[in-house]
Amino acid sequence: NAGVTQTPKFQVLKTGQSMTLQCAQDMNHEYMSWYRQDPGMGLRLIHYSVGAGITDQGEVPNGYNVSRSTTEDFPLRLLSAAPSQTSVYFCASSYSTNQPQHFGDGTRLSIL
Amino acid sequence: DQQVKQNSPSLSVQEGRISILNCDYTNSMFDYFLWYKKYPAEGPTFLISISSIKDKNEDGRFTVFLNKSAKHLSLHIVPSQPGDSAVYFCAASGGANDYKLSFGAGTTVTVRA
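The listed protein sequences derive, respectively, from chains A and B.
The first sequence lines up with residues 1 to 112 when you count with this note's numbering.
The second sequence lines up with residues 1 to 113 when you count with this note's numbering.
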């Protein structure tokens with residue numbers, strides 16, 4: 001089973017460039033989310049979706065856009081990358097609330 | 001302001017002994033709590049959860065205890081094994097009506113042979 005698949009695994013960008021981080025899940029989960037992990041801060045929620053066509057902001061949404069056109073895919077867009085967005089990004093999905101979220105292996109993003 | 005806190009950044013324990021990881025939260029609306037385990041270069045993996053209607057949940061070597069009045073939960077690993085060396089994250093949500101998870105900063109566990 002593939003579970004949650006994130007691409008790419010690594011990426012280096014220059015300040016001001018745009019980028020889309022891909023996330024796909026094959027478990028037919030309604031709920032999907034994006035987190036960023038920074039040293040000493042755990043994971044922080046960027047955006048989440050409770051179903052196709054429905055998205056909402058998390059704790060740190062500024063500088064990021066999302067859309068959910070299908071149940072399977074939940075891409076995260078950086079419109080104009082900034083060095084402060086250097087981080088490891090994780091996508092997660094779950095069947096419903098009160099169910100554990102399943103995580104992908106992350107995308108390590110560096111912005112110079 | 002961090003609503004879930006893991007005040008011990010690291011823990012070293014001898015193989016076969018008990019590992020106790022602690023987590024405190026400030027939001028009284030949290031009613032679903034989880035522990036995740038993370039190895040380097042991998043995503044977090046779900047370990048065990050507990051809802052606020054319980055004070056204990058057990059799964060093999062892993063037991064989570066919840067003290068709602070103290071807003072505190074702990075994870076016990078007995079006995080600790082070398083493969084348990086990882087970063088452990090505590091997380092919480094508002095339960096059935098809230099999908100959003102708030103995470104602690106993590107505790108790095110090292111199991112010594």
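For each residue, glycine too, the CB sits at the ideal point set by N, CA and C.
Next item on the list: Check the Cβ of residue 104(A) against every Cβ in chain B and list those closer than 8 angstroms, keeping chain order.
Entry: 43
Item checked: Positions along the segment 84-103 of chain B whose CB lies within less than 9 angstroms of some CB in chain A -> 89, 90, 91, 93, 94, 95, 96, 97, 98, 99, 100, 101, 102 and 103
Notebook entry, point to check: Is residue 64(A) close to chain B, meaning its C-beta is less than 8 angstroms from at least one C-beta of that chain?
Noted result: no
Next item on the list: Spell out the partners DSSP gives residue 24(A) in its beta bridges.
Entry: 5(A) and 73(A)
Next item on the list: Can you tell me which of the three DSSP states residue 97(B) falls into?
Entry: helix
Check: Run through DSSP, which three-state label would residue 51(A) get?
Finding: Residue 51(A) carries a strand assignment under DSSP once its states are collapsed to helix, strand and coil.
Item checked: Cβ-based burial, residue 77(B) [other Cβ within 10 Å; buried from 16] -> That one is buried.
Notebook entry, point to check: Is the segment 19-32 of chain B close to the segment 23-39 of chain A, with three or more CB pairs under 8 angstroms?
Noted result: With a cut-off of 8 angstroms on Cβ pairs, the segment 19-32 of chain B is not in contact with the segment 23-39 of chain A, counting fewer than three such pairs.
Note to self: Check whether the segment 35-42 of chain B and the segment 89-100 of chain B touch, using three or more Cβ-Cβ pairs below 8 angstroms as the test.
What the structure shows: yes
Next item on the list: Give every residue of the same chain whose Cβ lies closer than 8 angstroms to the Cβ of residue 112(B), excluding the five residues on either side of it in the sequence, and list them in chain order.
Entry: If we look at residue 112(B) and ignore the five residues flanking it on each side, its Cβ neighbours are 12, 13, 14 and 15.
Check: Which residues in the same chain as residue 87(A) place their Cβ atom closer than 7 angstroms to its Cβ, once the five residues preceding and following it in sequence are excluded?
Finding: 36, 37, 38 and 109
Notebook entry, point to check: What is the rounded straight-line gap between the Cα of residue 28(B) and the Cα of residue 71(B)?
Noted result: 8 angstroms
Notebook entry, point to check: What residues in the segment 13-33 of chain A have a beta carbon less than 8 angstroms from any beta carbon of chain B?
Noted result: 31 and 33
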